[in-house]
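Engineer:
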Amino acid sequence: MAVDIFKFGLVELFILLFLRQEDAHGYQLVQKIEELSGGLLTVKTASLYPVLYKLAEAGCVTGREEIVEHRSARNGRVSSRVRIVYHLEEAGHKRLEELLASYESFIKGCDNVFVNVEGGKEHD
Amino acid sequence: MTDNCIRSYLQEVESKLVCSAKSKKLFIKELSADIEEFVDNMDEISTDALYCRFGTPTEVADAFVSQMRSSDIEEKVSHKKMVALALVSGLVVLIAAVAIGIGCFKRWEFFRHPDGYIMETPVYIVDEEQVDEYFESLRRDGARIY
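The listed protein sequences correspond, in order, to chains A and B. Residue numbering for the first sequence follows my numbering, beginning at 1 and increasing consecutively. Residue numbering for the second sequence follows my numbering, beginning at 125 and increasing consecutively.
#1: Can you find the residues in the same chain that come closer than 8 Å, C-beta to C-beta, to residue 91/A, ignoring five residues on each side of it along the sequence?
#2: Taking residue 147/B as the query, report the chain A residues whose CB atoms sit under 8 Å from its CB, ordered along the chain.
#3: Determine, using beta carbons only, whether residue 155/B and residue 148/B come nearer to each other than 8 Å.
#4: Beta strand (DSSP E) containing residue 88/A: first to last residue?
#5: Nearest-angstrom Cα distance between residue 188/B and residue 114/A?
#6: If you follow the alpha helix (DSSP H) that residue 130/B is in, where does it begin and where does it stop?
#7: Residues of chain A with a CB under 8 Å from the CB of residue 208/B: which are they?
#8: Between which residues of its own chain and residue 66/A is the CB-CB distance below 6 Å, once the five residues before and five after are set aside?
#9: Would DSSP call residue 168/B helix, strand or coil?
#10: Using the beta-carbon of each residue, which ones in chain A are nearer than 9 Å to residue 164/B?
#11: Residue 22/A: buried (16+ other C-beta within 10 angstroms of its C-beta) or exposed?
#12: In angstroms with no decimal places, state the Cα-to-Cα distance between residue 204/B and residue 138/B.
#13: Opposite residue 68/A in the DSSP bridges: which residues?
#14: For the region 84–112 of chain A, which residues have a beta carbon sitting closer than 9 Å to at least one beta carbon of chain B?
#15: Run through chain A and tell me which residues come within less than 8 Å of residue 155/B, C-beta to C-beta.
#16: How big is the Cα-Cα spacing for residue 173/B and residue 181/B?
#17: How would you label residue 50/A, buried or exposed, when you count the other beta carbons within 10 angstroms and need 16 or more for buried?
#18: Excluding the 5 residues preceding and the 5 following residue 262/B in the sequence, name in chain order all residues of the same chain whose CB lies nearer than 8 Å to its CB.
#19: Can you confirm whether residue 119/A, when its beta carbon is compared against all beta carbons of chain B, has any partner nearer than 8 Å?
#20: Of all the options 54/A, 88/A and 69/A, which has the alpha carbon lying nearest to the alpha carbon of residue 62/A?
#21: Measuring only between beta-carbons, confirm whether residue 38/A sits less than 8 Å from chain B.
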């Protein structure tokens, strides 16, 4: 069962991380999170968009409308639709560095807690 | 799943969202495109698949609102309060205006003829030959003629 990354406050970090690689629209970001985590992580689009809008307001990302063509797997028809494709801005790169540093501290902190607790258990 | 199902799903989500009109419009536009893309990638489509992927309309609205800044939600709620207050105030002003208008009209009617009321008496012109017939018709209608 996939774990919702929203519970761990990782949505913003993952959005910025993926946008650093390439521009993407919201649904692509959701698909990437699932694909690159091997299906272990997921996020609902409804949790993702407000974070994107906040990042856009803060100037970390910008959105541009693009017409995206898509071939339907069901009937093979090619349809086009307007999508908002997000791009990482300079402020977004800075924000990502901050979040990565926080995440590193968080992981180290968790590790320390687990090691100490588990070490304590072994000591007992 | 028909387009109607998707439309009603989006309408339900929209009705449950508590946020600014701008955010709501943008989110519904993006969610609509996401659903279209999802539907295109499916061989067989069902409402359950839609709920599983995006959540029920309530879940979608809850997830969206939980990520909104509290100031945005407060702004929306206070906007709703302002609209309600404006409507109630407007209604009170309208009722007061009508009451004052009726009062003014009655006073104007009263002072229009300071020396008394004018009695308007209708005058009917009837041919001499038809006078009897006219009085008879009045009697039939219940008029008392002296």
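Positions of the beta carbon are idealized from the N, C-alpha and C atoms, including for glycine.
Structural biologist: This is what the structure gives:
#1: By 1-based counting over the first sequence, the position of residue 91/A is 91. Once the five neighbours on either side are set aside, the close Cβ partners of residue 91/A are 58, 59 and 60.
#2: Locating residue 147/B in the second sequence gives position 23, counting from the first residue. Within 8 Å Cβ-Cβ: 50 and 53.
#3: Here the question's residue 155/B lines up with position 31 in the second sequence. Here the question's residue 148/B lines up with position 24 in the second sequence. No, the Cβ-Cβ distance between residue 155/B and residue 148/B is not below 8 Å.
#4: Residue 88/A sits at position 88 when you count from the first residue of the first sequence. Here the beta strand (DSSP E) through residue 88/A covers 78–88.
#5: If you number the second sequence from 1, residue 188/B lands on position 64. If you number the first sequence from 1, residue 114/A lands on position 114. Taking the straight line joining both Cα atoms gives about 33 Å.
#6: Within the second sequence, residue 130/B is the residue found at index 6, counting from 1. Here the alpha helix (DSSP H) through residue 130/B covers 127–140.
#7: Translated into the one-based positions of the second sequence, residue 208/B becomes position 84. Those do not exist, as residue 208/B stays about 26 Å from chain A at its closest Cβ, beyond 8 Å.
#8: The count along the first sequence starts at 1 and reaches residue 66/A at position 66. Once the five neighbours on either side are set aside, the close Cβ partners of residue 66/A are 83 and 85.
#9: What you label residue 168/B is simply residue 44 of the second sequence in a count that begins at 1. Coil, per DSSP.
#10: Here residue 164/B refers to the residue found at position 40 when the second sequence is read from its first residue. Under the 9 Å cutoff, chain A gives 70, 71, 72, 73, 74, 75, 77 and 79.
#11: One-based indexing of the first sequence puts residue 22/A at position 22. Under this definition residue 22/A is an exposed residue.
#12: In the second sequence, residue 204/B corresponds to position 80, counting from 1. In the second sequence, residue 138/B corresponds to position 14, counting from 1. Distance between the alpha carbons of residue 204/B and residue 138/B: 16 Å.
#13: As a first step, residue 68/A is located in the first sequence; it is residue number 68 there, counting from the start. Its beta-bridge partners are 81/A.
#14: 84
#15: Position 31 of the second sequence, counted from the start, is the residue given in the question as residue 155/B. Within 8 Å Cβ-Cβ: 45, 46 and 49.
#16: Taking the second sequence and counting its residues from 1, the one referred to as residue 173/B is at position 49. Taking the second sequence and counting its residues from 1, the one referred to as residue 181/B is at position 57. So the alpha carbons of these two residues sit roughly 13 Å apart.
#17: As a first step, residue 50/A must be located in the first sequence, where it is residue number 50. When all chains shown are included, residue 50/A counts as buried.
#18: Taking the second sequence and counting its residues from 1, the one referred to as residue 262/B is at position 138. The residues are 269.
#19: Along the first sequence, one-based indexing puts residue 119/A at 119. Output row for residue 119/A: interface = no.
#20: By one-based count along the first sequence, residue 62/A stands at place 62. Taking only the C-alpha atoms, the option nearest residue 62/A is 88/A.
#21: The residue labelled residue 38/A in the question sits at position 38 within the first sequence. False, the Cβ-Cβ gap to chain B never drops below 8 Å.
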